[in-house]
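Residue numbers (this note's numbering), protein chains in the order written: chain A, 1 to 421; chain B, 1001 to 1421; chain C, 2001 to 2421; chain D, 3001 to 3421. Glycine included, each C-beta is placed from N, C-alpha and C at the ideal position. Contents: one structure, followed by commentary.
Number of protein chains: 4
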Amino acid sequence: MLRPQVAPMGWNSWDCYGAAVTEKEVRQNAEFMATNLKKYGWEYIVVDIQWYEPGATNHEYRPFADLCMDEYGRLLPAPNRFPSAADGKGFAPLADYVHSLGLKFGIHIMRGIPRQAVHRNCPVLGTDKTARDAARFNSICVWNPDMYGAKANDAGQAYYDSIFQLYAQWGVDYIKCDDICRELPHEEEELLMISRALENCGRGMILSLSPGPALLEKAELYKQVANMWRITDDFWDDWKLLYAMFERAEKWSIHAGAGHYPDADMLPIGPIRQDYDKNNRTAFTEDEQITMMTLWSIMRSPLIIGGEMTGFDEFTMNLITNERILRMHRNSRNARQVFRRCSGGNEFVVWTAGDCEGGAYIAVFNAGSESGQIAFSMEELELNGQDHNATELWSGESAEFRESISAEVPAHGAKVFYIAN
Amino acid sequence: MLRPQVAPMGWNSWDCYGAAVTEKEVRQNAEFMATNLKKYGWEYIVVDIQWYEPGATNHEYRPFADLCMDEYGRLLPAPNRFPSAADGKGFAPLADYVHSLGLKFGIHIMRGIPRQAVHRNCPVLGTDKTARDAARFNSICVWNPDMYGAKANDAGQAYYDSIFQLYAQWGVDYIKCDDICRELPHEEEELLMISRALENCGRGMILSLSPGPALLEKAELYKQVANMWRITDDFWDDWKLLYAMFERAEKWSIHAGAGHYPDADMLPIGPIRQDYDKNNRTAFTEDEQITMMTLWSIMRSPLIIGGEMTGFDEFTMNLITNERILRMHRNSRNARQVFRRCSGGNEFVVWTAGDCEGGAYIAVFNAGSESGQIAFSMEELELNGQDHNATELWSGESAEFRESISAEVPAHGAKVFYIAN
Amino acid sequence: MLRPQVAPMGWNSWDCYGAAVTEKEVRQNAEFMATNLKKYGWEYIVVDIQWYEPGATNHEYRPFADLCMDEYGRLLPAPNRFPSAADGKGFAPLADYVHSLGLKFGIHIMRGIPRQAVHRNCPVLGTDKTARDAARFNSICVWNPDMYGAKANDAGQAYYDSIFQLYAQWGVDYIKCDDICRELPHEEEELLMISRALENCGRGMILSLSPGPALLEKAELYKQVANMWRITDDFWDDWKLLYAMFERAEKWSIHAGAGHYPDADMLPIGPIRQDYDKNNRTAFTEDEQITMMTLWSIMRSPLIIGGEMTGFDEFTMNLITNERILRMHRNSRNARQVFRRCSGGNEFVVWTAGDCEGGAYIAVFNAGSESGQIAFSMEELELNGQDHNATELWSGESAEFRESISAEVPAHGAKVFYIAN
Amino acid sequence: MLRPQVAPMGWNSWDCYGAAVTEKEVRQNAEFMATNLKKYGWEYIVVDIQWYEPGATNHEYRPFADLCMDEYGRLLPAPNRFPSAADGKGFAPLADYVHSLGLKFGIHIMRGIPRQAVHRNCPVLGTDKTARDAARFNSICVWNPDMYGAKANDAGQAYYDSIFQLYAQWGVDYIKCDDICRELPHEEEELLMISRALENCGRGMILSLSPGPALLEKAELYKQVANMWRITDDFWDDWKLLYAMFERAEKWSIHAGAGHYPDADMLPIGPIRQDYDKNNRTAFTEDEQITMMTLWSIMRSPLIIGGEMTGFDEFTMNLITNERILRMHRNSRNARQVFRRCSGGNEFVVWTAGDCEGGAYIAVFNAGSESGQIAFSMEELELNGQDHNATELWSGESAEFRESISAEVPAHGAKVFYIAN
């Protein structure tokens, strides 16, 4: 299994294009990333759900739509949406292009085997079995109509092997597997088949599990087979969801590190929901976006941009290219919530983390609806012995703390300090 | 809605032939019933599940098997199993034959629309819709692979209308609809569509709901749309299941009458499970069969024979042709459990019921594993004013009770007394 | 065990005087009953909770109040409230007086042994045990501060024996035991001790269990040890509570009869809550009171008046002295809900019952907020063979029904018809 | 609130003497600690439950026993067990003696106010209220008979103030408050009253909450009011309980530090349960004790010895005086479980922690029933940049790790390595 030392950073097509993204849009974002973001560590370009559905137009799924599929029941990119995939070339040309830009290429898959393959009774590549042998007739996804779950038998494993073999041929670097994480433990056997197929395919790929919320009691399993797993249901630009993430992040904080990362989901920033209206922009305030980026970074969540990057404004570009923040995302260790308490009518949440060089990060979030001042002792952070010259990472301003830390934080906003060793 | 004054009495193919019954077997049972049982009130001949599956061989379902179906996605009897159904005649010839014997004809259906129709995108008869418009992609039966649930929309209603129209053409008298009763309330809308389709098809049919256990809190709904509904999961020849029926029967007793009957399921008597071995016979003792027949009759459950009738022995024939017992089944009113208590190491259950003529039934069950004597006062039954000359219905023997009733009842057995007005 | 053929009818002090009733008030209600109601069947006069608490002033309990108690830890009537109880005479003089009026006398008790007796370490009469041996330190009532639960040991049984011996000496006819019914099965052993103490005390007494809701799965136990048990938490003059009683009554209907009666609680009619304000009257409308009296009577609930009877107006007197209704209460058999359905914007509930003479009762309740018409077929009641000349019991008016029954029923009101054999 | 930088270390009387410890036993353990253990950091001597019960003889509680109490309902040490407490001196002489040895003194209390004080209606010191005003009649402990819970009112607060004032006069340094932690949130108001009483009493005391399991969702509350709280029900010398502690420790690990410590309960080592038999010794194997001491130390649990220290053998003395282990207990920071996995038939659990000097601890537990070898990469611990010369802390032996760590660990045993910065 790959063990990336930094939680994956990239872009995913879902927030802006739903099930309907096209090759043109993927390419323009890849080009933008290569030009503007690669130098900051951003590297994955991920095509999300239903790239095999010729008629997808937005975030909805058309039940029982005819899907692009090869004779072995393996789904293929719809050539009307991904022209380079014509003539059975699949995602190989697009992956090649992304690689040519110095980036990496990822795709979304659903757990299981296409219902269409099952009802057509397709053979499973390299076996004398068929899709009907591999499918579980009573295992379905409740929100997507495409697949049956796969049986934990030879046919099921062979089908998974056949698709990972294809993805390896295409040059895929990253698999976001869906309908696999919240449903555990029921789908545990299926997750193990996927893991084996990945190990056997001959190409290293990041494995990302979805949707959440993942099950805390299954953390050790996720850590053994996956690089990232969603700790939340779909995250969108809504303060209630961001507020709820503090608790999720706290619970999962001890499980980040060494190649496996609890995943707080994509960053819905800039132009999103472009399939519905080109004027759509994130509903998060700037302070909320700073809160999000601070929490994701200190907890070492994967950072996956959800917006159409070619439309990013200056604020958004600064948000994702602040070198001090991205350094925290790389170097944070043992991050955890220190306390959460009400003070002066606001609710404050404080996190700390160390880094590899003996420094300390202190993030202060104001979850209240008014700007407010918080103060607390260094003793509460057990940072008594540290040098107290701090830098606020978003602004770059210096601060000096002696026995206590004090900060003014805007409503729904955050500040984060670094104290070097 | 039909309101049969007596709970339906008949035969069903499941217990002896599972999903694999053939026309020959149906005919031989119909002929046996016409000759031997019709005069006692037995009248329905019901073909159970998967008559449309050419390859069915026993009680198991083959996932994703190819089913016999017309161009409108309506399932048809498999001609290899039902030769008279060839050339699109469906069950009409078989129904005609059953009618010619003076009996009535019933079939089993699954809730929903065939997955095969959906993936082939069949048109819905008389509409510009297709099966894909009618199906719910995430509504399936957990134990049978054939169907998707139907949406509560015009296409869904039209599909149900189209099948009931077909069944009316065939001359069907009785529909056993499966996967509809335990799943309520989720499938409540689908049940209402079925009810409307039945009302609109122009032919009166009994509607039987399955599987159980039905939901007690939905009793008023069942009473408004159905004639019978299963109060239990599949019932088989196992004392534990029969023992558990006392409690189910007690709870549902107030809902029997006026054309709607809580259904304790089929009577697994005589030769059953014939698809596995022709030597298979019910595992119930004779006393257990008497207990079953007594409880089903006093509570007015439908009486649906499950065994191969041509193989019935004398005991079994007597069990189902005792005129005193069948009279109780017809005339019982306000049946209920009076008490259930332990006495002398056994557990006794006592039921009473009235009849239309002012008489009273008193059933005494011994649920213990030893033969035992029970005695209790007439006062406990509130029968103080009744004439105390009683007849035991199974034996026909007279008994005289004054202030108390006393009876010796064998282990797992029953006695039932009638006191005329 | 006593087996009264008619569910108990009487008066209880709770609704009007809470924990604070005095001898004067009990006597005036007893005298009123003897003069005006005895001839209709009303006979019990019951003193409710905390007659042993000198300082009780209303429906609240004073925690840790000093209670009147004998040397054996047996509670005694507070002489300041019950002057005839002075000099250790207990309730004997009051019981004698009630008996002299031709009525019967009842008292309320709490499950267990007084905490005061335990902390004073009183001896248990006739044993070498003390209250500390009899008490369970961790069994308390959550809403009343007086008692500890009793252990199921010799000391516990001896304590219960000692109090029932005292009550027998006093001439008590009726025990309402509280904190014993909802808590089952945890307190099941304690209920059995109470039952044994009652059986052994040498005097027949009605045993009434409280509070509810009783547990349906314990019905057989209640029937074996008690004459009545509360199927609801405290019932008051609130339509929501009356509305909820339809469902409770339906569930419990099969358990009424032969000396044991599910109890829908007292009738809060006329002047109630007199401890707070002498002007307080029931908040029920007249139609709601008719609904209540009809439902309680057809289901054979005990009828226990809760209001100060000397203040009853003409409507209230008619409500409780309608001979046709009271005859139904005596003679109803096999009562049950036939259906409950919405019609014309209202919700109608229909009950039927038989009687000992082959007649039939049909009660029609309008649970909706508008007066409305309901019609349904005789077939639905399975009364096809009955004579169809009916009498409406509240009004005494005649009605003729042929194939269907039709009635106009006011909002929250009821009509009830009798069809003689 | 006190914020001890090291989790409390001491001795408690429960494991060896239950509710029956005497002054003699307390003194002999204090003397032993002063002589032999003080130099290693051990300092608290804590008298556990029911020091006010003259008749306590073992781990059981006598229901409704007469307790030693002053006129204000404040419990006092039973002079027959604690002679120096005679003449109302309370624990002051014993506390003085413990202080004279250079140690600190603690006592156990139950949440609430004595039932005996309530039923005697004692005045609350310095108020015109009585115990009856302060007590909640329906709040009791389910396993101990002594107390009622206190109301969150002036009387309740005054009672708590009065006892903390007394404890401050005695010179108490440590309060173990029982019946307060598992019951949250129901008892949350009572915990806040206790916290206020402690803050107001004028003497700094450690506050320890019991019993567990504490509620994870209340962690922020515990951190604000207490120094330690039990994360488990009573812990004893049983492998199943020790095994279960891995999961509890993992969940709570992020909440240790800055004066507040999740508490894995006392160490049942050496002679325990001395009230039943003087020959009783811990049932833990030596390896299990090493596992316990390693886990408690790396997670920074309080270390409270449960055995009779004067009877400790050489192994036990080494267990609690290993300077390398105790240094880890003092210096561990950000401890957490890295993984838990099966390998070679055994289940291994690995924890890491940092320390203030940039070093790293790595604890390897073998939860399996066979001795076994485990190996894993440094990368998994994210210790890539560390110096790899390690010391195993129990043995003091050196080890050299390059890219991976490998260790042979006995069944139920542990090894723990330190890698300096």
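Residue i - partner residues in DSSP beta bridges
{"i": "residue 135 of chain A", "result": "A/150"}
{"i": "residue 106 of chain A", "result": "A/46 and A/174"}
{"i": "residue 123 of chain A", "result": "A/130"}
{"i": "residue 6 of chain A", "result": "None, per the DSSP bridge assignment."}
Enclosing alpha helix (DSSP H) for residue i [first to last residue]
{"i": "residue 2098 of chain C", "result": "2092-2100"}
{"i": "residue 223 of chain A", "result": "219-225"}
{"i": "residue 381 of chain A", "result": "378-381"}
Reduced DSSP secondary structure (H/G/I, E/B, other) of residue i
{"i": "residue 3236 of chain D", "result": "coil"}
{"i": "residue 2198 of chain C", "result": "helix"}
{"i": "residue 3072 of chain D", "result": "coil"}
{"i": "residue 118 of chain A", "result": "helix"}
{"i": "residue 1086 of chain B", "result": "coil"}
{"i": "residue 1163 of chain B", "result": "helix"}
{"i": "residue 1 of chain A", "result": "coil"}
{"i": "residue 2215 of chain C", "result": "coil"}
{"i": "residue 372 of chain A", "result": "strand"}
{"i": "residue 2957 of chain D", "result": "It is not possible to answer for residue 2957 of chain D, since the shown part of chain D is limited to 3001 through 3421."}
{"i": "residue 1067 of chain B", "result": "coil"}
Cutoff 8 Å; reference residue i; Cβ partners in own chain excluding five residues on either side
{"i": "residue 2032 of chain C", "result": "2309 and 2310"}
{"i": "residue 2180 of chain C", "result": "2111, 2187, 2190, 2191, 2194, 2209 and 2210"}
Cut-off 7 Å between Cβ atoms - residues of its own chain near residue i, not counting five sequence neighbours on either side
{"i": "residue 1080 of chain B", "result": "1054"}
{"i": "residue 3377 of chain D", "result": "3403 and 3404"}
{"i": "residue 1156 of chain B", "result": "1134, 1150 and 1193"}
Residue i: first and last residue of the uninterrupted beta strand (DSSP E) it sits in
{"i": "residue 1389 of chain B", "result": "1389-1392"}
{"i": "residue 1421 of chain B", "result": "No beta strand (DSSP E) holds residue 1421 of chain B; DSSP gives it neither H nor E."}
{"i": "residue 205 of chain A", "result": "Neither: residue 205 of chain A is in no beta strand (DSSP E) and is coded neither H nor E."}
{"i": "residue 142 of chain A", "result": "No beta strand (DSSP E) contains residue 142 of chain A, which DSSP labels as neither H nor E."}
{"i": "residue 3363 of chain D", "result": "3360-3366"}
{"i": "residue 2404 of chain C", "result": "2404-2409"}
{"i": "residue 400 of chain A", "result": "398-400"}
{"i": "residue 3230 of chain D", "result": "3228-3230"}
Sequence-distant residues of the same chain with beta carbon closer than 6 Å to residue i, five excluded per side
{"i": "residue 406 of chain A", "result": "375"}
{"i": "residue 2158 of chain C", "result": "2124 and 2127"}
{"i": "residue 2152 of chain C", "result": "2189"}
{"i": "residue 2049 of chain C", "result": "2019 and 2108"}
{"i": "residue 2065 of chain C", "result": "2053 and 2055"}
Enumerate, from N- to C-terminal direction, the unbroken alpha helix (DSSP H) stretches of 4 or more residues contained entirely within the segment 1008-1065 of chain B. Here the runs fully enclosed are 1014-1017 and 1023-1036.
Along the chain, which unbroken stretches of the alpha helix (DSSP H) at least 4 residues long are found entirely within the segment 1239-1303 of chain B? Within the segment 1239-1303 of chain B, the runs of alpha helix (DSSP H) at least 4 residues long that lie entirely inside it are, in chain order, 1239-1252 and 1286-1298.
Mind pulling the beta strand (DSSP E) runs of 3 or more residues that sit fully within the segment 319-355 of chain A? Counting only runs of 3 or more, we get 333-343 and 346-354.
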